[in-house]
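Chains as they are written, first to last, in the working numbering: chain A, 650 to 831; chain B, 89 to 878. Idealized CB from N, CA, C, for every residue including glycine.
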């Protein structure tokens, strides 16, 4: 797993998401990334970014298996409202979570296009339904900040922190917390 | 180190195979003591275990195996007869060997326990046996018999040589696991005749060696060369892959059908055939004969019948019937349980049997056969059968059913009570009907794997238990139903029939108190709307359209109870591959999994028991259970006159509780209400009375009948043990005697049922249920009290 899996994911290239690193300032230059679990935000990291209701968010690129557009989704009655449904991903049935609902954003207008971001979690792969896919960006520790205390309590644990990129903020999300739907 | 581990592992595998056979062989030996081949086979198994122990440094295991072998060797040489006592002691030793092996498997070492006494027991038995028949006390045997620790090493050396000789004779290397292999193969000889057919796969380089040894070992068929041990995990993967292939094929066939292209139809057809065959073949890899489970039973039968002083002959038919390995595992315990029950309680003692005009020995017959894509297993005994009346009486006594219900039960339904939990608390039942010890567990286990259990019994003649289970779990036939254009799969195991309501011929869905029913051949079939259970609104716009849509009923069976599921359409039948739901979707009782349909769409699989539960199908039953449980109060109330207290909460409703449950009726000034521990209380009779607002519990607005400003609240006080709870109601209207004709209520657990009082529908409240919800521990207090009063 790791960067390779994302790199091998042809779907990403297909989607026109190139792996060009965005032009965020890089004081440490091209220093080698040595990501450790505890001090992850002390190192340069790559984020797969996406948009939700005007917000700019991202998950670690290593956690992303692929990006695709689902044609067919089976709703699951009686399930938590954040569950969009089940999709068939090459013979594997995966659960789709509507990130707008999961994060408490406004509901997506009907008939608006969606994108599916398939992430790897401890319990297998889960599909995250987002509005639009962005680039993969490299972020640097000096841009990191802890989540503001005024942040919605529901997002506690889900938002690991904020990267203050030029012109916009990138919310760094924790995938395990995202898919932990009771 | 690793190699040592793998040797040990292999040793354990070999041993377990041999040991499993031992039980059976011993029992057979007891019947035919003069069967030298059988004795020899047993001897070899034990001998192999003992021999290999020496290599692996397992002194305790070796010690027991050695003692066992000594006896066997004397028996084999005809110096001691094979007696039931002998077999018993040998089986005891085998049990210890099993225990030790299990311990080794778990922890990698022998247990700390001292098995010296067992060895002593074996040696004593041997000495006594030899003394009793001292005619030919050959040197070799006596030295073995007297073997003490000091001599052990030397003897072992002998044994090693013996082993090596044996191995050499069979022209194999002297690698220990291979030797154990030899043991295994030779022991397998009797049942393995079919393998003797020419094996095309025999390896050429070994062929020469083979011919060289043919003369010495001509009888031994080569099982190792025709079988391969495969990890079960790999087989599971294969099955999953084939499942995917089947789906891919279905998708392809569907597209082909749409395109109507004949040029590709040929190859698609070919693919279709191959896939089907492949599916069959792969499924077979997991198939094992039921014999693997049955083999344990002769021992169970022998031990039990001996200890009960009964004579039982075990007959097994269709031992070669194959079923999925995982299923085999799941029926092992239920089957053993049933067999034990049959001997314990079904088959009579020889004397009883003779008095009843039956042959002295009872017969327990196990039958297995395929029928309609299912495995049928029957357990028949010619014992005393089950007295349905006694079962009913016990059920009434235990509060499972009311006496009125019992009267209306058919024999078949009465017999089915045996499977109900609560009738199975061992002692209580044994002195009534005998049967039923844990039969509810048996039933649950069988149902868990999609099977059904039926029982038939003729009092005095015997009992038959029939278990039906599917061939495999991975791929199941399912019916596809549709609501709101969405497909759902229902496993066919619980499907009874499809019914279409014929509106034109006057058939219709009838409603009693919000619950739908359909008259199916004169019986009332409770209906569950799939729309309602799944909280999916019907898409039909007009009322008539909805009715038109809801004319399709799928009749299902959950826990022996039939109910109808209302759906929009009934689609076709498909073989589906069951996939579990992800963690995010666990805990939805009506869904048991998901599957991918032929067109790639994901469909949910419905859980029939969950549907019935959510739809309130079991409510009528719980009504009986509930009323039965409160033995001294409600059980005699069905249809009888009973004193009740009638009150209301809002102005629209009316409720009742049994007067016998009410302690006092009071009225409090709401200004005297205080809070203690976060709850409303009032000072009452020198203590604190916890108050519960019934309106809050039931979710209706309380409407006090008294003048609003007076602030007086009517309160019904209940008392159990040393707990007091006051229920605040809107107004108390009456205490009266009413005929307790209860209609099952729709869904609410706190309502026992509904009755009509003065033309007004009145819900009879299950007061304990309500109080328990706000005051946990209430029910326990009530239990305490009832035991005191008994």
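| Query | Result |
| --- | --- |
| Between residue 620 of chain B and chain A, is there a C-beta pair that is closer than 8 Å? | no |
| What does residue 726 of chain A touch in chain B if you count any residue whose Cβ is under 9 Å from its own? | 574, 621, 622, 623, 624, 676, 678, 679, 692 |
| Closest to residue 195 of chain B by CA distance: which of B/182, B/100, B/154 is it? | B/100 |
| The beta strand (DSSP E) spanning residue 744 of chain A covers which residue range? | 741-747 |
| Give me the chain B residues within the contact set of residue 737 of chain A, using Cβ-Cβ distance strictly less than 8 Å, ordered along the chain. | 684, 688, 689, 690 |
| Could you check what DSSP says for residue 898 of chain B in three-state terms: helix, strand or coil? | Within the shown structure, residues of chain B are numbered from 89 to 878, placing residue 898 of chain B beyond reach of any answer. |
| State the CB to CB distance for the pair residue 858 of chain B and residue 838 of chain B, rounded to an integer number of angstroms; the pair is presumed to be in contact (CB under 8 Å). | 5 Å |
| Consider the Cβ of residue 718 of chain A: report whether some Cβ of chain B lies at a distance smaller than 8 Å. | no |
| Within the chosen definition, does the stretch 427-437 of chain B reach the stretch 405-415 of chain B through at least 3 CB pairs nearer than 8 Å? | no |
| Could you name the residues of the stretch 642-673 of chain B whose beta carbon sits closer than 7 Å to any beta carbon of chain A, in the order they occur along the chain? | 667, 670, 671, 672, 673 |
| Taking 8 Å as the CB-CB limit, is residue 744 of chain A close to chain B? | yes |
| Rounded to whole angstroms, what is the Cα-Cα separation between residue 417 of chain B and residue 315 of chain B? | 21 Å |
| Measuring alpha carbon to alpha carbon, tell me which of A/726, A/730, A/812, A/781 ends up nearest residue 691 of chain A. | A/812 |
| For residue 763 of chain A, decide whether its Cβ has a neighbour in chain B, counting only Cβ atoms nearer than 8 Å. | no |
| What residues in its chain sit with their C-beta under 8 Å from that of residue 159 of chain B, if we drop five residues either side in the sequence? | 168, 174, 177, 178, 210, 213, 214, 217 |
| List the DSSP bridge partners of residue 765 of chain A. | A/717, A/778 |
| Quick check on this structure: which residue in B/568, B/368, B/423 has the alpha carbon closest to the alpha carbon of residue 903 of chain B? | Residue 903 of chain B is absent from the structure shown; chain B starts at 89 and stops at 878. |
| Keeping to the same chain, check which residues put their C-beta closer than 7 Å to that of residue 335 of chain B; ignore five residues upstream and five downstream. | 665, 684 |
| Mind pulling the chain A residues with CB within less than 7 Å of residue 335 of chain B? | 740 |
| How about residue 757 of chain A and residue 749 of chain A: are their beta carbons less than 8 Å apart? | yes |
| Return the residue from the list A/819, A/767, A/780, A/737 that minimises the CA-CA distance to residue 755 of chain A. | A/780 |
| Tell me whether the stretch 684-697 of chain B and the stretch 574-582 of chain B touch, counting them as touching only if at least three CB pairs, one residue from each stretch, are closer than 8 Å. | yes |
| Indicate the three-state DSSP secondary structure (helix, strand or coil) for residue 737 of chain B in the structure shown. | coil |
| Would you mind stating whether residue 383 of chain B and residue 108 of chain B have Cβ atoms separated by less than 8 Å? | yes |
| Please confirm whether residue 658 of chain B and residue 642 of chain B have their CB atoms less than 8 Å apart. | yes |
| Going by beta carbon distance, what residues of the same chain come within less than 6 Å of residue 731 of chain A, once the five residues before and after it are set aside? | 746, 747, 750, 751, 830 |
| With a Cβ-Cβ cutoff of 8 Å, do residue 737 of chain B and residue 788 of chain B count as a contact? | yes |
| Helix, strand or coil: which one does DSSP assign to residue 33 of chain B? | Past the edges of chain B, shown from 89 to 878, lies residue 33 of chain B, and the structure says nothing about it. |
| What residues of chain A sit near residue 332 of chain B, judged by a beta carbon separation below 8 Å? | 740 |
| Checking the sheet assignment: what are the DSSP bridge partners for residue 704 of chain A? | A/701 |
| Alpha carbon to alpha carbon, how far is residue 706 of chain B from residue 489 of chain B? | 14 Å |
| Along the stretch 790-816 of chain A, what residues have a CB closer than 7 Å to any CB found in chain B? | none |
| So residue 629 of chain A contacts chain B; which residues on that side make the cut at Cβ distance below 8 Å? | Because chain A in this structure spans residues 650 to 831, residue 629 of chain A falls outside the shown range and cannot be described. |
| Would you decide whether residue 744 of chain B is buried or exposed? Buried here means 16 or more other CB atoms lie within 10 Å of its CB. | buried |
| Excluding sequence positions up to five away, which residues of its chain have a Cβ less than 7 Å from the Cβ of residue 677 of chain B? | 695, 698, 701, 702 |
| So, is the C-beta of residue 828 of chain A closer than 8 Å to a C-beta in chain B? | yes |
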